[in-house]
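Below is one structure, written out as structure tokens; comments come after it.
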Amino acid sequence: KNQVEQSPQSLIILEGKNCTLQCNYTVSPFSNLRWYKQDTGRGPVSLTIMTFSENTKSNGRYTATLDADTKQSSLHITASQLSDSASYICVVSPSNDYKLSFGAGTTVTVRA
Amino acid sequence: DAGITQSPRHKVTETGTPVTLRCHQTENHRYMYWYRQDPGHGLRLIHYSYGVKDTDKGEVSDGYSVSRSKTEDFLLTLESATSSQTSVYFCAINRQGANSPLHFGNGTRLTVT
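The listed protein sequences derive, respectively, from chains A and B.
The first sequence lines up with residues 1 to 112 when you count with our numbering.
The second sequence lines up with residues 1 to 113 when you count with our numbering.
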């Protein structure tokens with residue numbers, strides 16, 4: 001069973017609007033949580049990385065939050081642009097293993 | 001991604017044939033990984049390497065082998081390709097140690113007919 005679940009599977013938003021993506025995980029013990037952006041036909045690119053002690057991390061218009069107690073993270077995209085159209089992947093790193101757990105991703109489509 | 005080159009980018013092969021995918025890095029990093037990505041699944045680790053001639057299995061290693069004879073090259077071999085190995089394969093490196101973010105190549109799309 002996948003230990004990282006993302007929702008929604010896909011969403012469509014209008015340019016300039018905000019959106020929030022969700023990530024729930026069961027990985028334990030937990031070291032850090034990462035969000036990646038993957039453009040079509042390209043490899044994933046790191047957006048943010050948060051340790052268990054961090055609640056929020058920003059990278060431009062992307063803001064990630066983490067609640068280690070409930071094992072939930074979210075990625076908020078502010079004032080979306082056409083270039084934000086991509087798949088966003090949540091990745092959890094356990095503290096006792098090198099193997100990362102990847103979510104299946106949320107596909108975001110931004111329309112003009 | 002600058003520094004990581006995967007080849008070929010696309011390949012179509014027949015069931016039962018051997019296939020080798022190449023990952024080349026120009027940055028002399030120790031850790032290299034092979035993942036596969038399939039619709040509806042997260043990226044899954046096939047094999048990884050922590051140095052020249054030092055490799056280990058990931059969660060989906062059956063049917064795959066790897067070799068690393070030089071720091072810059074990490075090869076993934078499908079000894080006898082099957083249709084279930086149709087996938088997109090990504091190579092990745094750690095630029096700042098095992099717990100740093102992964103940096104991925106742009107993938108190889110493999111189709112086994």
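We put the CB at the ideal spot given by N, CA and C, even for glycine.
Backbone secondary structure at residue i - three-state DSSP
i, result
"residue 3 (chain A)", "coil"
"residue 43 (chain B)", "coil"
"residue 82 (chain A)", "helix"
"residue 83 (chain B)", "helix"
"residue 6 (chain B)", "strand"
"residue 56 (chain A)", "strand"
"residue 16 (chain B)", "coil"
"residue 39 (chain A)", "coil"
N- and C-terminal bounds of the beta strand (DSSP E) containing residue i
i, result
"residue 57 (chain B)", "54-57"
"residue 112 (chain A)", "No beta strand (DSSP E) contains residue 112 (chain A), which DSSP labels as neither H nor E."
"residue 12 (chain B)", "10-13"
"residue 37 (chain B)", "32-37"
"residue 106 (chain B)", "Careful: residue 106 (chain B) lies outside any beta strand (DSSP E) and carries neither H nor E."
"residue 66 (chain B)", "64-70"
"residue 67 (chain A)", "62-67"
"residue 95 (chain A)", "That residue, residue 95 (chain A), is in no beta strand (DSSP E); it is neither H nor E in DSSP."
Closest Cα partner of residue i within the set the options
i, options, result
"residue 89 (chain B)", "B:35, B:23 and B:16", "B:35"
"residue 63 (chain A)", "A:31, A:71 and A:48", "A:48"
"residue 29 (chain B)", "B:112, B:100 and B:95", "B:95"
"residue 23 (chain B)", "B:105, B:101, B:85 and B:69", "B:105"
"residue 36 (chain A)", "A:54, A:71, A:76 and A:13", "A:76"
"residue 33 (chain A)", "A:99, A:78 and A:91", "A:91"
Outcome for residue i when other beta-carbon atoms lying within 10 angstroms are tallied against a minimum of 16
i, result
"residue 52 (chain A)", "exposed"
"residue 10 (chain B)", "exposed"
"residue 103 (chain A)", "buried"
"residue 61 (chain A)", "exposed"
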